[in-house]
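Convert by adding 71 to the 1-based position in the sequence shown; the result is the number in our numbering. Ideal Cβ positions, reconstructed from N, Cα and C, are used throughout, including at glycine.
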Amino acid sequence: MRDILSDLETDAAANPVERARALSRRTLAKRFYEAVEVGTQDGPEGPVHAVLLDGRAVKTPTKEPLRIANRGVAEAMAGEWAAQGKEIDPLTMPVTRIVNVAVDAVAKAAGEVADDIAAYAGNDLLCYRAEGPDRLCRLQEDLWGPVIARAEARHGGRFKLAAGIMPVRQDPELVARVRAALEGRTPLHLAALHVATTITGSALLALSLGEGEMEADAVWQAACVDEDWNIEQWGMDHEAAAVRAARRRDFAAAALILSLQPV
């Protein structure tokens, strides 16, 4: 499932600079429409909404009808289509891309997506703590400690912490309870949750976002503690800044969907 979502997320194992360069060489389609609006029609379970380009409904990359029950998400997609210039750049349309993946892929493989999110909880960023300096250690504890405490209370267990990068194996029963909590979530919610998980490296942060326990800015700050520390010490070059901005854009889209889309 990570392969299906890879266009949306920056894989931590990939070279982000090379990815940015490759994306900059893409050939973009010309804008072929003028008017953008949200259309609504009755569906079997209530009203459904679609983005209309000059009156014609947008479809997913696999030609499925791109219809969604949540009007707020549909309006966000319409805003992305309306904001396009002479060319259509999918990278500037993260909400649309997440919804496409939810319809084309996650709806058919929700279990795999939920498994992947739970796997992150078994090797979560928040469980790996710096050995120094003291200020970084305090920052991690201040921002990460409450998230772990809430997750432990919700799922009934204790997450093991590790110093440095030495791997730590979490209780399989605890991870299984995290996985069980993902049952019944909509494909769109799972797709957005997966994007938030892989971008932050933390299922616990993504779940806090999805449960409404943390605001998007607070989750981003917590996810970037180590990165921000290094930037403070050494600065950041232009290419790294561009990659970070792209990650933040996709994260913001996932956060918006999670705030609008019920579990």
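query                                                                                                                : result
Helix, strand or coil at residue 179 according to DSSP, with G and I counted as helix                                : helix
Pairwise C-alpha distance: residue 113 and residue 84                                                                : Note that residue 84 scores 38 on pLDDT, short of 50, meaning its location in the model is unreliable and no value can be drawn from it.
Sufficient close CB pairs (3 or more, under 8 angstroms) joining the segment 190 to 197 to the segment 272 to 281    : yes
Status (buried if at least 16 other CB within 10 Å, exposed otherwise) for residue 329                               : buried
Residue from 268, 313 and 307 whose Cα sits closest to the Cα of residue 325                                         : 268
Residue 111 - DSSP class collapsed to helix/strand/coil                                                              : strand
Identity of the residues DSSP links to residue 130 by a beta bridge                                                  : 136
Stretch-stretch touch, CB-based, cutoff 8 angstroms, three pairs: the segment 239 to 252 with the segment 159 to 171 : no
Buried versus exposed, by CB contacts within 10 Å (16 or more), residue 135                                          : exposed
Residue from 261, 228 and 232 whose Cα sits closest to the Cα of residue 171                                         : 261
Sub-7 angstroms separation of residue 166 and residue 138 beta-carbons                                               : no
Local Cβ density within 10 Å of residue 253, reported as buried at 16 or more and exposed below that                 : buried
DSSP beta-bridge partners of residue 233                                                                             : 199
Where the beta strand (DSSP E) through residue 118 begins and ends                                                   : 117 to 124
Cβ neighbours of residue 155 in the same chain (closer than 8 angstroms, five flanking residues each side left out)  : 102, 163 and 164
At least 3 beta-carbon pairs within less than 8 angstroms: the segment 219 to 236 vs the segment 301 to 309          : no
Residue 125 and residue 106 closer than 7 angstroms at C-beta                                                        : yes
Local conformation of residue 303 per DSSP, three classes                                                            : helix
Whole-angstrom C-beta distance between residue 296 and residue 232, which should lie under 8 angstroms               : Wrong, their Cβ atoms sit about 14 angstroms apart, outside the cutoff.
Residue 99, buried or exposed, once every other Cβ within 10 Å from all chains shown has been counted against 16     : exposed
For residue 101, the residue or residues it bridges with in DSSP                                                     : 158
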